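These notes are about the structure you will find just below.
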Amino acid sequence: MIFPERNRQEYDSPRIGPSPLAMGDCVQMRSRGTGRTAAAGPSVAQATWLDSRGVPGPFQLLGVGFRTDVHESSAGFIVRIGKSAVDGNTFSTERRLMDVVRTCVDIEIPRPTLAEDSLAAFPYGVMVYPKLAGSPPTAPSGVLARGVASALRQLHAMATATPAPAQVVDGNALAALVRSTRPYLTEAQRRETGQWQVDQRNFLAAKPTRCMIHGDFWHANWLCTKDGRTITGLLDFERCGIGLPHQDLAPLRYLGEAFRAAALDAYCEGTTRDPASLLQEVRMFDALRELQGLDWALRNPDANEVDDAVEKVAEALANYR
0 MIFPERNRQE YDSPRIGPSP LAMGDCVQMR SRGTGRTAAA GPSVAQATWL
50 DSRGVPGPFQ LLGVGFRTDV HESSAGFIVR IGKSAVDGNT FSTERRLMDV
100 VRTCVDIEIP RPTLAEDSLA AFPYGVMVYP KLAGSPPTAP SGVLARGVAS
150 ALRQLHAMAT ATPAPAQVVD GNALAALVRS TRPYLTEAQR RETGQWQVDQ
200 RNFLAAKPTR CMIHGDFWHA NWLCTKDGRT ITGLLDFERC GIGLPHQDLA
250 PLRYLGEAFR AAALDAYCEG TTRDPASLLQ EVRMFDALRE LQGLDWALRN
300 PDANEVDDAV EKVAEALANY R
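Going by numbering that gives the first Met the number 0, the sequence shown opens with residue 0, and the numbers climb by one from there.
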């Protein structure tokens, strides 16, 4: 995957669940192409409101997403402007979760100065925070894998008593997901998906330990040092909540299976977990993520992502078996 060298604070991720594979908010370059058109800057009313809150223009567009557009102000603030109804965490919920996560991890988390869910000038909400240093990694490395594993272990060790949205899919949601995507799969893929559904239901029935998760832990949401070897920050908490660690471990494969294997080794170090067994479980969540991505693409045809999503489902199913 190729990313621009400039420091972006938000990217559009592949989509998951009811929202994109999730789900960074916006993009100027992404791993899968779309015909998305660029957005203009904040409206006059929006710019006036922002200026009255100490966020002056002019504004530079950093990226365009389905849920938000992201701009950078002349004073170095990142401005996320909602442009569609929320299907994940609201901006105010994101802010609350960021404040909690920040106390438990040793990487930078945005510190929003404003997080409004609905205003006259911003009917779908707005979030503002000072820009963080760093940019997404451009290549995998063993050092980065260990740093990522450390950040995840800290996050996943957080007390689950923290009030947070539930992010675990249930049996009914699995069945609905299989029904919605079935017409777009081959007969062989339908059989594989049927077995996957049985495996996933059995896995969830065993009540695996839940934890705090980021919910969209793919590398476009990481900030790293200039050499790309050290993770320094984490963005986009739209899917943060109580879930399963596998949901955060699955998207590590976008930097390659070797990278994910190294990260899983580090993640399991000093515990009783076996990396190979954990990998088999995580691959169930690869398929879940891509099926959710296909389901999202089918419900959002203007995104023109169905063909790409079908290919990703095929790849995840092939790796699962």
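Cβ coordinates follow ideal geometry from the N, Cα and C atoms, glycine included. Computed from a prediction, not measured in an experiment: that's the story for all the values here.
Proximal residues to residue i (C-beta, below 6 Å), its chain only, five neighbours per side dropped
i	result
Glu304	Ala296
Ala341	The structure shown does not extend to residue 341, since the chain is modelled only from 0 through 320, so no value can be given for it.
Gly232	Ile106, Glu107, Leu131, Gly133, Leu222
Leu248	Val281
Glu314	none
Pro274	Leu263, Asp264, Cys267
Arg101	Ile108
Ala205	none
Gln196	Leu173, Val177
Pro300	none
Arg298	none
Arg94	Pro111, Ala114
Presumed contact (8 Å Cβ cut-off) between residue i and residue j, rounded CB distance
i	j	result
Cys210	Met157	7 Å
Asp68	Ile80	5 Å
Val312	Leu184	7 Å
Tyr128	Pro111	4 Å
Ile241	Ala163	5 Å
Residues that residue i bridges to, as DSSP identifies them
i	result
Asp68	Val63, Ile80
Leu113	Val127
Ile212	Gly240
Ile230	Cys223
Glu107	Gly232
Phe58	Ser72
Ser134	Cys223
Ala39	Paired residues: none, contrary to the question.
Ala165	Ile241
Option in the options with minimal Cα separation from residue i
i	options	result
Gly62	Gly141, Ala219, Ala286	Ala219
Ser72	Ser276, His245, Pro57	Pro57
Ser149	Gly141, Gly170, Ala265, Arg298	Ala265
Arg259	Asp50, Thr92, Leu143, Gly214	Leu143
Ala165	Glu237, Trp195, Thr229	Glu237
Pro244	Leu254, Thr270, Phe284	Phe284
Thr180	Pro109, Pro274, Gly292	Gly292
Leu234	Gly227, Arg320, Leu277, Pro135	Pro135
Leu49	Ala261, Asp294, Arg94, Leu113	Leu113
His213	Glu186, Arg178, Val167, Val177	Val167
Ser117	Thr92, Ala175, Ala138	Thr92
Gly75	Asn88, Val85, Val54, Arg94	Val54
Arg288	Gly227, Ser276, Leu176	Leu176
Thr327	Leu151, Asn318, Thr208	A query on residue 327 cannot be resolved here, the shown segment of the chain reaching from 0 to 320 and no further.
Leu203	Pro300, Gln153, Leu173	Leu173
Glu256	Ala46, Pro162, Gln279	Gln279
Ala160	Asp198, Leu96, Asn171	Leu96
Thr208	Gly269, Asp301, Gly87, Gln246	Gln246
Arg152	Ser276, Thr270, Arg200	Thr270
Leu290	Asp307, Ala302, Asp301	Asp307
Asp169	Arg298, Arg178, Arg200, Trp195	Arg200
Gln194	Pro300, Ala286, Ala46	Ala286
Asp60	Ala39, Ala46, Thr47	The amino acid occupying residue 60 in the given sequence is Leu; Asp does not appear at that position. Ranking the options by Cα distance to Leu60, first place goes to Ala39.
Ala261	Arg298, Thr47, Gly141	Gly141
Leu316	Thr47, Asn171, Arg94, Asp198	Asp198
Beta-carbon proximity list for residue i, same chain, < 7 Å, skipping 5 on both sides
i	result
Glu359	With the chain covering only 0 through 320, there is no way to say anything about residue 359.
Ser83	Phe65, Arg66, Tyr123
Arg190	none
Gly146	Thr229, Ile230
Arg52	Leu113
Arg320	Glu191
Leu277	Leu263, Cys267
Contacts around residue i, its chain only, beta-carbon distance under 8 Å, and the 5 residues preceding and following it disregarded
i	result
Val309	Tyr183, Leu184, Leu293
His155	Cys210, Met211, Ile212, Pro244, Asp247
Val85	Arg66, Asp116, Tyr123, Gly124
Pro41	Leu49, Gly56, Phe58, His70, Val78, Ile80
Arg272	Tyr266
Ile46	The question names Ile, but residue 46 is Ala in the sequence shown. Closer than 8 Å at Cβ, skipping near neighbours: Gly40, Gly56, Phe58.
Thr328	With the chain covering 0 to 320 only, the question about residue 328 has no answer from this structure.
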